[in-house]
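Here is the structure we will look at.
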Amino acid sequence: HAPPQPVTPVAMRCTYAHCNKPNVSNRFYKIEAGRTSGGQDWSPLVGHTLCTACYCRYERGGTLERSVNKPIPNSARRCSHPGCDRPNQSSQFYLIEAGRKSGGQDWSKLAGWVLCKSCYTRYEQRGTLERSVNKPLPPSQRRCSYPYCDRPDHGRAFFQIEANRTSGGQDWSPLVGWVLCQPCYKRYKDRGTLERSQNKPLDASARRCTYEGCDRQGTGGDFFQIEEGKTAGGQDWSGLAGTVL
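Structure (C-alpha coordinates):
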(Lines of atoms letter the chains of each structure in order from A and count residues from 1; the text may use other names and numbers.)
(Lines give C-alpha, C1' and ligand atoms only; values in the text may rest on other atoms or scores of the structure.)
Protein backbone atom coordinates (compact mmCIF):
# COMPACT_ATOMS: atom_id res chain seq x y z
CA HIS A 1 0.00 0.00 0.00
CA ALA A 2 1.16 3.54 -0.71
CA PRO A 3 1.66 5.83 2.30
CA PRO A 4 -1.59 7.47 3.42
CA GLN A 5 -2.10 10.89 1.89
CA PRO A 6 -2.32 14.04 4.03
CA VAL A 7 -5.89 15.31 4.12
CA THR A 8 -7.04 18.68 2.89
CA PRO A 9 -6.79 21.61 5.32
CA VAL A 10 -10.54 21.68 6.04
CA ALA A 11 -10.29 18.24 7.66
CA MET A 12 -7.06 18.83 9.61
CA ARG A 13 -8.25 17.54 12.97
CA CYS A 14 -7.58 14.17 14.60
CA THR A 15 -10.85 12.29 15.08
CA TYR A 16 -9.55 10.13 17.96
CA ALA A 17 -11.72 11.26 20.87
CA HIS A 18 -8.91 11.08 23.43
CA CYS A 19 -6.19 12.76 21.36
CA ASN A 20 -4.32 15.30 23.52
CA LYS A 21 -3.75 17.75 20.67
CA PRO A 22 -6.25 16.99 17.89
CA ASN A 23 -5.51 20.19 15.97
CA VAL A 24 -1.72 20.10 16.25
CA SER A 25 0.33 17.86 13.95
CA ASN A 26 2.87 18.17 11.18
CA ARG A 27 0.62 15.88 9.09
CA PHE A 28 -2.84 14.34 9.22
CA TYR A 29 -3.73 10.96 7.70
CA LYS A 30 -7.05 9.86 6.22
CA ILE A 31 -7.45 6.10 6.79
CA GLU A 32 -8.62 4.28 3.68
CA ALA A 33 -10.13 0.81 3.29
CA GLY A 34 -7.64 -2.02 2.86
CA ARG A 35 -4.80 -0.42 4.82
CA THR A 36 -2.45 -2.96 6.46
CA SER A 37 0.44 -0.77 7.68
CA GLY A 38 2.37 -2.32 10.54
CA GLY A 39 0.41 -5.56 10.14
CA GLN A 40 -2.51 -4.00 12.00
CA ASP A 41 -6.27 -4.25 11.42
CA TRP A 42 -7.25 -0.72 10.37
CA SER A 43 -10.85 -1.56 9.44
CA PRO A 44 -12.35 0.03 12.60
CA LEU A 45 -10.68 3.33 11.66
CA VAL A 46 -11.64 3.56 7.97
CA GLY A 47 -12.77 7.10 7.28
CA HIS A 48 -11.08 8.51 10.37
CA THR A 49 -8.43 11.20 10.29
CA LEU A 50 -5.41 10.76 12.57
CA CYS A 51 -2.63 13.08 13.61
CA THR A 52 0.94 11.80 13.20
CA ALA A 53 1.24 10.78 16.87
CA CYS A 54 -1.99 8.73 16.88
CA TYR A 55 -1.26 7.23 13.46
CA CYS A 56 2.22 6.05 14.52
CA ARG A 57 0.90 4.70 17.83
CA TYR A 58 -1.71 2.56 16.05
CA GLU A 59 0.76 1.44 13.37
CA ARG A 60 3.24 0.28 16.03
CA GLY A 61 0.88 -1.05 18.66
CA GLY A 62 -2.52 -1.73 17.09
CA THR A 63 -4.22 0.60 19.54
CA LEU A 64 -4.87 4.31 19.93
CA GLU A 65 -4.74 4.00 23.72
CA ARG A 66 -1.63 5.41 25.36
CA SER A 67 -1.77 3.14 28.42
CA VAL A 68 1.24 1.10 27.28
CA ASN A 69 3.37 4.25 27.53
CA LYS A 70 2.26 5.20 31.04
CA PRO A 71 4.99 4.63 33.66
CA ILE A 72 4.43 1.46 35.66
CA PRO A 73 4.69 1.81 39.46
CA ASN A 74 7.95 0.55 40.94
CA SER A 75 6.08 -2.19 42.79
CA ALA A 76 4.89 -3.63 39.45
CA ARG A 77 8.19 -3.32 37.55
CA ARG A 78 8.87 -7.05 37.34
CA CYS A 79 8.59 -9.23 34.23
CA SER A 80 5.77 -11.77 34.48
CA HIS A 81 7.46 -14.27 32.13
CA PRO A 82 8.58 -17.18 34.36
CA GLY A 83 11.54 -17.88 32.10
CA CYS A 84 12.90 -14.32 32.09
CA ASP A 85 16.59 -14.24 33.04
CA ARG A 86 16.48 -10.76 34.59
CA PRO A 87 12.86 -10.04 35.57
CA ASN A 88 13.68 -6.98 37.70
CA GLN A 89 16.18 -5.34 35.35
CA SER A 90 15.04 -3.50 32.25
CA SER A 91 15.15 0.00 30.82
CA GLN A 92 11.41 -0.26 30.24
CA PHE A 93 8.46 -2.41 31.29
CA TYR A 94 5.19 -2.84 29.38
CA LEU A 95 1.76 -3.60 30.81
CA ILE A 96 -0.08 -5.73 28.24
CA GLU A 97 -3.65 -4.51 27.81
CA ALA A 98 -6.56 -6.41 26.29
CA GLY A 99 -6.83 -5.95 22.53
CA ARG A 100 -3.12 -5.36 21.91
CA LYS A 101 -2.05 -6.32 18.36
CA SER A 102 1.56 -5.14 18.14
CA GLY A 103 3.57 -6.95 15.48
CA GLY A 104 0.44 -8.73 14.27
CA GLN A 105 0.70 -11.17 17.21
CA ASP A 106 -2.04 -12.65 19.42
CA TRP A 107 -1.46 -11.01 22.82
CA SER A 108 -4.74 -12.17 24.40
CA LYS A 109 -3.11 -14.84 26.60
CA LEU A 110 -0.71 -12.23 28.01
CA ALA A 111 -3.33 -9.60 28.91
CA GLY A 112 -2.53 -8.19 32.36
CA TRP A 113 1.10 -9.33 32.26
CA VAL A 114 4.06 -7.00 32.69
CA LEU A 115 6.96 -7.67 30.32
CA CYS A 116 10.51 -6.36 30.35
CA LYS A 117 11.76 -4.78 27.14
CA SER A 118 13.60 -7.94 26.00
CA CYS A 119 10.61 -10.25 26.47
CA TYR A 120 8.21 -7.72 24.97
CA THR A 121 10.37 -7.27 21.86
CA ARG A 122 10.82 -11.04 21.47
CA TYR A 123 7.07 -11.65 21.55
CA GLU A 124 6.34 -8.71 19.25
CA GLN A 125 8.81 -9.95 16.65
CA ARG A 126 8.43 -13.74 16.96
CA GLY A 127 5.12 -14.43 18.71
CA THR A 128 6.80 -16.38 21.50
CA LEU A 129 8.47 -15.62 24.83
CA GLU A 130 10.71 -18.66 24.54
CA ARG A 131 14.38 -18.06 23.83
CA SER A 132 15.08 -21.59 22.57
CA VAL A 133 15.65 -20.34 19.02
CA ASN A 134 18.66 -18.36 20.26
CA LYS A 135 20.26 -21.15 22.31
CA PRO A 136 23.37 -22.51 20.58
CA LEU A 137 22.84 -26.06 19.34
CA PRO A 138 25.49 -28.70 20.08
CA PRO A 139 27.79 -29.42 17.10
CA SER A 140 26.10 -32.80 16.52
CA GLN A 141 22.79 -31.01 15.78
CA ARG A 142 24.15 -28.19 13.63
CA ARG A 143 22.85 -29.58 10.35
CA CYS A 144 19.90 -28.25 8.33
CA SER A 145 16.98 -30.70 8.18
CA TYR A 146 15.73 -29.40 4.83
CA PRO A 147 16.57 -32.20 2.36
CA TYR A 148 17.27 -29.80 -0.51
CA CYS A 149 19.50 -27.37 1.40
CA ASP A 150 22.58 -26.52 -0.68
CA ARG A 151 24.91 -26.37 2.33
CA PRO A 152 23.25 -28.17 5.27
CA ASP A 153 26.40 -28.16 7.42
CA HIS A 154 27.32 -24.52 6.85
CA GLY A 155 25.73 -21.52 8.49
CA ARG A 156 26.46 -18.76 10.99
CA ALA A 157 23.43 -19.89 13.01
CA PHE A 158 21.06 -22.85 13.19
CA PHE A 159 17.51 -22.67 14.52
CA GLN A 160 15.48 -25.47 16.10
CA ILE A 161 11.79 -24.96 15.35
CA GLU A 162 9.62 -25.19 18.45
CA ALA A 163 5.86 -25.68 18.71
CA ASN A 164 3.66 -22.58 18.45
CA ARG A 165 6.23 -20.56 16.50
CA THR A 166 4.56 -17.75 14.50
CA SER A 167 7.56 -15.77 13.19
CA GLY A 168 6.77 -13.81 10.04
CA GLY A 169 3.10 -14.75 10.34
CA GLN A 170 3.87 -18.18 8.85
CA ASP A 171 2.52 -21.64 9.75
CA TRP A 172 5.57 -23.43 11.19
CA SER A 173 3.68 -26.54 12.39
CA PRO A 174 4.99 -28.79 9.55
CA LEU A 175 8.57 -27.97 10.61
CA VAL A 176 8.33 -28.48 14.39
CA GLY A 177 11.45 -30.28 15.58
CA TRP A 178 13.43 -29.43 12.45
CA VAL A 179 16.76 -27.62 12.53
CA LEU A 180 17.20 -24.96 9.86
CA CYS A 181 20.31 -23.11 8.75
CA GLN A 182 20.02 -19.34 8.65
CA PRO A 183 19.28 -19.01 4.89
CA CYS A 184 16.51 -21.65 5.01
CA TYR A 185 15.06 -20.19 8.22
CA LYS A 186 14.95 -16.69 6.74
CA ARG A 187 13.43 -17.97 3.46
CA TYR A 188 10.57 -19.69 5.31
CA LYS A 189 10.04 -16.74 7.65
CA ASP A 190 9.86 -14.26 4.74
CA ARG A 191 8.02 -16.36 2.17
CA GLY A 192 6.38 -19.32 3.93
CA THR A 193 8.26 -21.88 1.84
CA LEU A 194 11.66 -23.59 1.86
CA GLU A 195 11.61 -23.96 -1.92
CA ARG A 196 13.98 -21.73 -3.87
CA SER A 197 12.12 -22.12 -7.17
CA GLN A 198 10.84 -18.56 -7.18
CA ASN A 199 14.43 -17.33 -7.36
CA LYS A 200 15.13 -19.09 -10.65
CA PRO A 201 15.02 -16.63 -13.56
CA LEU A 202 11.99 -17.09 -15.79
CA ASP A 203 12.45 -17.55 -19.51
CA ALA A 204 12.00 -14.35 -21.49
CA SER A 205 8.85 -15.79 -23.04
CA ALA A 206 7.31 -16.26 -19.57
CA ARG A 207 8.19 -12.81 -18.21
CA ARG A 208 4.69 -11.38 -18.44
CA CYS A 209 2.24 -10.80 -15.60
CA THR A 210 -0.83 -13.02 -16.01
CA TYR A 211 -3.07 -10.73 -13.95
CA GLU A 212 -5.48 -9.17 -16.46
CA GLY A 213 -5.71 -5.93 -14.51
CA CYS A 214 -1.93 -5.35 -14.43
CA ASP A 215 -0.97 -2.00 -15.97
CA ARG A 216 2.52 -3.09 -17.01
CA GLN A 217 2.26 -6.78 -17.82
CA GLY A 218 5.58 -7.14 -19.62
CA THR A 219 7.67 -4.40 -18.03
CA GLY A 220 8.14 -5.41 -14.36
CA GLY A 221 11.62 -5.55 -12.84
CA ASP A 222 11.00 -8.96 -11.27
CA PHE A 223 8.52 -11.71 -12.09
CA PHE A 224 7.44 -14.50 -9.74
CA GLN A 225 5.93 -17.84 -10.69
CA ILE A 226 3.48 -18.92 -7.98
CA GLU A 227 4.02 -22.53 -6.97
CA GLU A 228 1.63 -24.96 -5.27
CA GLY A 229 1.63 -24.71 -1.48
CA LYS A 230 2.91 -21.14 -1.29
CA THR A 231 1.92 -19.48 2.02
CA ALA A 232 4.01 -16.28 1.94
CA GLY A 233 2.58 -13.54 4.12
CA GLY A 234 0.07 -16.00 5.57
CA GLN A 235 -2.05 -15.69 2.43
CA ASP A 236 -3.98 -18.34 0.47
CA TRP A 237 -2.17 -18.49 -2.89
CA SER A 238 -3.93 -21.65 -4.14
CA GLY A 239 -6.10 -19.68 -6.58
CA LEU A 240 -2.97 -18.23 -8.22
CA ALA A 241 -0.88 -21.43 -8.51
CA GLY A 242 0.87 -21.51 -11.89
CA THR A 243 0.42 -17.82 -12.58
CA VAL A 244 3.22 -15.32 -13.08
CA LEU A 245 3.07 -12.01 -11.19
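Per UniProt numbering, the sequence shown starts with residue 1, numbered consecutively.
Every residue gets a Cβ at the ideal spot worked out from N, C-alpha and C, and that includes glycine.
Exercise for review: Write down the C-beta distance between Y188 and Q170 rounded to the nearest angstrom, noting that I regard them as a contact closer than 8 Å.
Suggested key: 6 Å
Exercise for review: Pair every Cβ in the stretch 148-168 with every Cβ in the stretch 178-185, then say whether three or more of these pairs are closer than 8 Å.
Suggested key: yes
Check your understanding: To which residues of the same chain is G127 closer than 6 Å at the C-beta, ignoring the five residues directly before and after it?
Key -> Q105, T166
Check your understanding: In the structure shown, what three-state DSSP assignment does T49 receive?
Key -> strand
Review point. So the alpha helix (DSSP H) K189 belongs to, where does it begin and stop?
Key: 182-191
Exercise for review: Going by DSSP, name the residue or residues bridged to Y94.
Suggested key: L115
Practice item. Return helix, strand or coil for K109, following the three-state DSSP convention. Key: helix
Check your understanding: Helix, strand or coil: how does DSSP classify W237 here?
Key -> coil
Check your understanding: By DSSP, does Q170 sit in helix, in strand, or in coil?
Key -> coil
Exercise for review: Give a yes or no on whether the C-beta atoms belonging to L129 and G83 are separated by under 8 Å.
Suggested key: yes
Point to revise | Per DSSP, cross-strand counterpart(s) of Y16 | key: Y16 is not bridged to any residue.
Review point. What is the DSSP secondary structure of Q141, reduced to helix, strand or coil?
Key: helix
Exercise for review: Using the DSSP secondary-structure output, state which residues sit across from Y55 in a beta bridge.
Suggested key: DSSP lists no partner for Y55.
Exercise for review: Determine the direct distance from the alpha carbon of R207 to that of W107, and round the result to whole angstroms.
Suggested key: 42 Å
Exercise for review: Take every Cβ of the stretch 42-56, pair it with every Cβ of the stretch 87-97, and state whether three or more of those distances are shorter than 8 Å.
Suggested key: no
Exercise for review: Could you check the C-alpha separation between G192 and P73 for me, to the nearest Å?
Suggested key: 41 Å
Exercise for review: Below 7 Å CB to CB, which residues in the same chain sit around V68 once its five sequence neighbours on both sides are set aside?
Suggested key: Confidence in V68 is poor, its pLDDT being 49 and thus under 50, which makes the residue's placement too unreliable to answer from.
**Study point:** Residue(s) in a DSSP beta bridge with V176
**Key:** Bridge partners of V176: none, in fact.
Review point. Excluding sequence positions up to five away, which residues of its chain have a Cβ less than 8 Å from the Cβ of T15?
Key: P22, H48, T49, L50
Practice item. Give the C-beta separation of C79 and C116 to the nearest angstrom, bearing in mind that I take them to be a contact with Cβ-Cβ under 8 Å. Key: 4 Å
Check your understanding: If you draw a straight line from the C-alpha of F224 to the C-alpha of A204, how long is it?
Key -> 13 Å
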